[in-house]
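Scroll down for the structure; my scribbles are underneath it.
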Amino acid sequence: CSSDLPMMLGFAALAEPLIVTVFGEVWRPAVMPFQILCIAAALWPMHLININALLAQGHARLVLKLEVPKKILGLAMLIIGMFFGIEGIAWSQVAFSIAALGINSHYTNRLVGYGLSHQLMDIVMPCVVATVMAGALHWLARILAMNDALKLMSLAVLGGVFYITVIFLAKPPALLEIISIWRTRHTGGTHDK
15 CSSDLPMMLG
25 FAALAEPLIV
35 TVFGEVWRPA
45 VMPFQILCIA
55 AALWPMHLIN
65 INALLAQGHA
75 RLVLKLEVPK
85 KILGLAMLII
95 GMFFGIEGIA
105 WSQVAFSIAA
115 LGINSHYTNR
125 LVGYGLSHQL
135 MDIVMPCVVA
145 TVMAGALHWL
155 ARILAMNDAL
165 KLMSLAVLGG
175 VFYITVIFLA
185 KPPALLEIIS
195 IWRTRHTGGT
205 HDK
């Protein structure tokens, strides 16, 4: 989750130079819908956490049952969004992603004891760093006077270095766990949770 979040927010921040560089000037109107969809995509890892937690506890039937009302809800939101154009459709996906996360995390809380509040507490630090990074990149993308391809490459590198450096210096529990697992595996030992 901590890797997808800065990536999606980074894509949103650099949407204009990214789209113009990859697809050309004619695609510039797609910048705003793309930025909105990046917000929805940023939540996807949290969906996977909840679904995988339920599956790991043997609740595969519940996961399957939840898919039906979620798909109906998603379709309804998509239809409503269509009345507001392309951006309306994009925002309907954000709304659906939030609603589906609420449904998934409700059952994760009930059956596994790991609800949405605990999940958000676990990612608050990466979320804050990623938001600051994205805000800075968006500001720089607007003021820097250089061609879009160069702007995209330089700011993408800058954003990545900033995020990794701050996260490494802050050493959140998830990073310490990853380092511990890596060290254990490379020293031939076993990792005990």
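If you're matching positions, the sequence shown starts at 15 in the numbering used here and goes up one per residue. Here a beta-carbon is modelled for each residue, glycine too, at the ideal position from N, C-alpha and C. These figures come from a predicted structure and were not determined experimentally.
Query                                                                                                                                                                 : Result
Less than 8 angstroms between C-beta atoms, sequence neighbours within five positions excluded: which residues of the same chain meet that for PRO83?                 : ILE117
Have a look at MET156 and ASP162 and give me their C-alpha separation to the nearest angstrom.                                                                        : Looking at the sequence provided, one finds Arg at residue 156 rather than Met. Near 11 angstroms, if we compare the C-alpha coordinates of ASP162 and ARG156.
Short of 6 angstroms in beta carbon distance, which residues of its chain neighbour LYS207, apart from the five on each side in sequence? Order them along the chain. : Only weak support exists for where LYS207 lies, its pLDDT of 42 falling under 50; the coordinates are left without a value.
Using a threshold of 8 angstroms, state whether the C-beta atoms of LEU125 and HIS200 are closer than that.                                                           : no
Please state whether the Cβ-Cβ distance between VAL45 and GLU30 is less than 8 angstroms.                                                                             : yes
Report yes or no: do three or more beta-carbon pairs, one from the stretch 137-155 and one from the stretch 86-94, lie closer than 8 angstroms?                       : no
Quick check: is the beta carbon of ILE178 nearer than 8 angstroms to any beta carbon in chain C?                                                                      : You won't find chain C in this structure, because it holds only one protein chain.
By Cβ distance, which residues of its chain are closer than 6 angstroms to ASN64, with the 5 residues on each side in sequence left out?                              : ASN118, SER119, THR122
What distance in whole Å lies between the Cβ atoms of LEU28 and LEU166, which are believed to be in contact at a cut-off of 8 angstroms?                              : 6 angstroms
To the nearest angstrom, report how far apart GLY102 and MET21 are at their CA atoms.                                                                                 : 23 angstroms
Do LEU164 and LEU154 count as a contact pair if the criterion is CB distance below 8 angstroms?                                                                       : no
Is the beta carbon of HIS152 closer than 8 angstroms to that of LEU115?                                                                                               : no
Would ALA55 be called buried (16 or more neighbouring beta carbons within 10 Å of its own) or exposed?                                                                : buried
Whole alpha helix (DSSP H) runs in the stretch 159-186 with 4 or more residues, listed along the chain?                                                               : 162-184
For MET139, which option in LEU183, GLU81, LEU32 has the closest C-alpha, if you only look at C-alpha atoms?                                                          : LEU183
Is it right to say PHE98 is buried, meaning 16 or more other beta carbons lie within 10 angstroms of its own, or is it exposed?                                       : exposed
Using only alpha-carbon positions, find the residue among PHE37, ILE178, LEU51 that is nearest to SER106.                                                             : LEU51
Considering only their Cβ atoms, is the gap separating TYR128 from ALA67 smaller than 8 angstroms?                                                                    : yes
With DSSP run on the structure shown, which of helix, strand or coil describes GLN71?                                                                                 : coil
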